[in-house]
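Remarks on the structure that follows.
Residue numbers (UniProt numbering), protein chains in the order written: chain A, 1 to 349; chain B, 1 to 349; chain C, 1 to 349; chain D, 1 to 349.
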């Protein structure tokens, strides 16, 4: 089968690799779509992903596919089921998964069967991804392309829960890319009192406003700190870095309320910075959530699907481009081009 | 001014009463609309409202009006503001407020000014309603009739928070009247995994399904307990009594999961029952929430308005009849008629 | 080996039964002590234990013993370890476990090894008790008799956590038997503002005071409701039934604060009552916690041992009698005698 | 009256200043004792206290005194009451309070009376300290010297609650001074599974062990990071900086579990540092709690007094020196001397 490979020098190519084997509690999945992640995928390409050093690697981790074959103990997955988050669990022909969803076939696990047959958490057969490899039901109002966006939705919602946002609180979000827009939309749906979103591109500022931001500022043409201080003289409860630029952390400090929190979701390639908390309140928190737990992603599924099925959240609002797998390297060029109207790019098989 | 009075025998009449006076932190409000509450209003009429014994009383407590005059210390209310939950705070001409929103003029307080001027919580000038007398902003997408429904929305949402529902949990709701429909809709928006709603009227069952219930059962034509046990062999996390029929408590017992909870929101006129927990799990809870805290209602406002302003929640979906104040007694006859297509009735001034 | 049997008519006798077998993740334990539970043990004897109908049964569930043999996969249990909560998992010679700790040998499981070897939660080999079969370390300041009391301590503490008591709240506890005393002592250690304990026996009232009760009332000689209302004119946050007398639930109602909770820990043999909430506030909760989760008991271990090891909690304060296994039926006669100075009775092997 | 003054050059002197006046909801207090704080007091002397720039200043903020006169509306304070945390609220003779408890007379407020008389939170008469100016009751087992330690106890406990420590979690505490010892003792009393305390002085390491630390390391003679990793191969839930040395933050990073937290309670004079999270897990939190809320300190009182009154916590274990007010400057020399056996120093009037 074909798969997208990155070598140790950042070169992308589609190569022929062996099909994955499935165990008794697993299913084989023919891939339908996979989102491009401008965090993880790009960092793997540029060799800046913390603690990842094995190349050549098979990219992709926001995939959706259909079950084509099931192992002997599988009970909760059926041929024809559309399922989220298939991965390659093992290296093939010297290519290591990172995490392999840009391949024609991947693998999912049947969580409940694995548990019942003694292959659950704590055993060597278990893979924590099983907890998030959820089936999209026929009645769910989403297609294969839209479904790949659910993976980002769940990551962001599970991070929101971990950061601890509560109704009636206030937030400033730095960045209105796909992740920043998810924060904007979700925080309003969750009942925050006021959400302010900023971006350096005017188009994205407009989109943030449409997504529900109470205020949206164009950081290239106004002084965001002044605007925020005018609206919130005592500061805000949360500042979210949805971009991954360390310098924003120091900038955020002065916007915080007593006991406020800076939430780092965006991943910066640097791992150090000069922290300056002279403008911070006496009590404040800096929280990094850069590795969503698969269990928590799975637990975010019901909320996301309730929003989608009730017409509250439309995955297509977050997707700007759908590119066939045959032209997958174009998708990465598009990301690098950083065009103002690029939102999420989805690869379709 | 005119006001709707109930005497001690349950007779309704519109009488002329004196206009309310306002204090320095209060504003006078000309009423625009007021919802009919088939819980409290009906119980006051029938003399079954626990601990309420003073008649003749001025009915109404789900009102909306416009500020026409402000006290000298008022800073956060302006003439022309539309405001929720005006009340009559004092008896007039021998009529006691219960809570008086079916009068042409009522009173609201400016919470922040009251606090700043030493008339806040703990002082004798304070009224806890000030915490819920919120201004509807011009940009909020709701008119005077729809706004009266916000009061029910906030009561139900604050009760939901107090009951402690969490994402991924499961619930059965007995009753698909306005309150049962609010529970159904809100619990899905809040990410519960599965919500089942039941009613004895087929029309209401259909509405519940449209509002987002995963399953909706017509209790007159099927065995609800059997249906629920088929879907949830281990029981559900919550059973909500949105009707106020004590017998449902014993029926709910057998549907509960280990550590499940029965939530009594509907108010029964009786205050005793034979409790039989032989079919309950060893651990279970029975919680009565029948008096929403005004503070908590005020805190529910942001979430409700975020849903309304983003098009997720439409007050008009819950309102079946709008009746002019001149024909207000018709509204109560309509309630007593218990017609299958009656939802919330709103009186318009 | 010898074991205490109750037949279907409530007759006790010590019989010879077969030794238990152990699986690869289990250990064989020679029993050292076992507490007498005047809830569960007595209900099994009197055939009033909800849902338990299989006799003859092997009694005992508060045991402590020493590991004498380990299965091949066991890693975290060693011969000589003192361990809490051994059980008989299987029927022997027609005697069913209920739960069998009054036998000379019982079984425990190695939780971590079971998980690692695919016999964890969700598999048929798993027993939820493994999560609470904790090892008493050599440095822990408790002997075999005292250790049996830890089982009650953990049950009560895990119930306290489930009921949700918080620092600065207030509580009234009905009953100063071993369980009521645990509630009294623990709630003060956990920072409740005021704890009031009542009992019908003067001796127990005194003990409650020594254990830390801010007030202790002798219910036979004073009007508890009046006393409580004098101290707390607005009522208390919690009333705990540590006795199992349904009538107390109605009595408790009038003592509750707005949003207060009645906590039923004591188990009544009846499963019905006439509930009368006319004296309750509008908002209140009735919570039954009568089946502690083994997982939660295991999670309560650290807190209990920290208190014991720092000299804050002495198991011997709760134990009045230690009786050798040879005279075990005397222990049950002592329970039935209901003498005022009887606290916990422990059987020693 | 006499008071301890620091001028803008760090010189200390006792000066004569005017007696404070009391308002209708306040009481005049004759001081009995005051603890020396090696955080705040020393920073005020060295001009490194963030945002404090007004000199000459009257030092002291851990005081205890007796009520000698009450204002006309005072109801909950009586002449003779021992009360915590009196302050000078206003400048006197050009000396500004910082916070003035090293003066012969100070002021407290009657929180409830202030609220009832319209001088509560939000009014200009209110002082947030009223929420923490608690009366020590005659039955409380503590004298005037011990009582001053309660102020530190409550500050630390309220910080512990804000940091969010939970039973069964694990913690490493850097520093075994008075604050580090409070963390050690309280975290064990609160049921943490394992607490490790480190210090560079051998005497303090011993004390930490006696206070309940499961492990205590002498950082000058062993590699703390290695020792911690040996005990907790996956890291710990919390690392507490109880010292105020920024470099410890980077050191702590490598000890954290996935989702672990670094708690900064110690106050460093610097407000910048080079943060290096290369050794941190993907998800982690850095929380600064350096300004305890008076309301939260007041709410910590019940828990602290329950521990003291039940013999679980002895203030004298934390106090090494009691120095008369006449020799108050000696107290500060003793702090600067940094002797290994110095714990808390209390000044007695």
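For each residue, glycine too, the CB sits at the ideal point set by N, CA and C. Just so you know, these numbers come straight off a predicted model, no measurement behind them.
Under the 10 Å beta carbon count, residue 243/B is surrounded by 16 or more other beta carbons and is classified as buried.
For the stretch 253-278 of chain C, the residues whose beta carbon sits under 7 Å from a beta carbon of chain B are, in order, 271, 272, 273, 274, 275, 276, 277 and 278. Those residues of the stretch 292-325 of chain D placed with their C-beta closer than 7 Å to a C-beta in chain C are 299, 302, 303, 306, 310 and 312, ordered along the chain.
In the three-state reduction of the DSSP assignment, residue 320/D falls in the strand class. DSSP places residue 126/B outside any beta strand (DSSP E), giving it a letter other than H or E.
DSSP lists 199/D as the beta-bridge partner residues of residue 218/D. The Cβ atoms of residue 34/C and residue 102/C lie closer than 8 Å to each other. The C-beta of residue 238/D comes no closer than 8 Å to any C-beta of chain A.
Close CB contacts of residue 232/D within its chain, under the 7 Å cut and outside five residues either way in sequence, are with 170 (chain order).
Taking a beta-carbon distance threshold of 8 Å, residue 283/B does not count as an interface residue toward chain A. Under the three-state reduction of DSSP output, residue 277/C falls in the coil class, being neither helix nor strand. A direct Cα-to-Cα measurement between residue 65/B and residue 166/A gives close to 30 Å. Take residue 307/C, set aside five residues on each side of it, and the residues of its chain with a beta-carbon closer than 6 Å to its own are 313, in chain order. Under the DSSP assignment, residue 97/A falls in the beta strand (DSSP E) whose first and last residues are 96-98. At a cut-off of 8 Å, the C-beta of residue 288/B has a neighbouring C-beta in chain C.
In the structure shown, residue 346/C falls within a strand segment according to DSSP collapsed to helix, strand and coil. Spanning the alpha carbons of residue 329/D and residue 12/D requires a straight line of approximately 7 Å. With a threshold of 16 other beta carbon atoms within 10 Å, residue 336/A falls short and is exposed. Between residue 145/B and residue 322/B a beta carbon distance of about 6 Å is seen, short of the 8 Å cut, so the two are scored as contacting. Here residue 197/A is buried: its Cβ has 16 or more other Cβ atoms, across all protein chains shown, within 10 Å. In chain A, no part has a C-beta under 7 Å from the C-beta of residue 84/B; the shortest such distance is about 16 Å. In terms of Cβ geometry, residue 272/D and residue 241/A do not form a close pair [threshold 8 Å]. Taking C-beta separations shorter than 6 Å and ignoring five residues to either side along the sequence, residue 90/D has no partners in its chain. Bounds of the alpha helix (DSSP H) holding residue 181/D are 178-189. According to the DSSP assignment, residue 13/D belongs to the beta strand (DSSP E) that extends over 12-16. Residues of the stretch 100-123 of chain C with a C-beta atom less than 7 Å from some C-beta of chain A are 115, 116, 118, 119, 120, 122 and 123, listed in chain order.
Taking C-alpha positions only, residue 270/B is separated from residue 45/B by approximately 15 Å. Check the Cα spacing between residue 106/C and each of 4/C, 140/C and 228/C: the tightest is with 4/C. In the same chain as residue 215/A, and ignoring 5 residues on each side of it, the C-beta atoms closer than 7 Å to its own belong to 196 and 231, in chain order. Taking a contact as a CB-CB distance under 8 Å, the pair residue 305/D and residue 140/D counts as one, their CB atoms being some 6 Å apart. Shown here, residue 193/A sits in coil according to DSSP, grouped into three states, outside any helix or strand.
In the DSSP assignment, residue 299/A falls within the alpha helix (DSSP H) that extends over 294-299. At a cut-off of 8 Å between beta-carbon atoms, residue 180/A makes no contact with chain B.
With three or more CB-CB distances shorter than 8 Å, the stretch 114-125 of chain B counts as touching the stretch 111-120 of chain D. Restricting attention to alpha helix (DSSP H) runs no shorter than 4 residues, the stretch 17-100 of chain B encloses them at 40-45, ordered along the chain. DSSP places residue 157/D in the uninterrupted alpha helix (DSSP H) bounded by 144-163.
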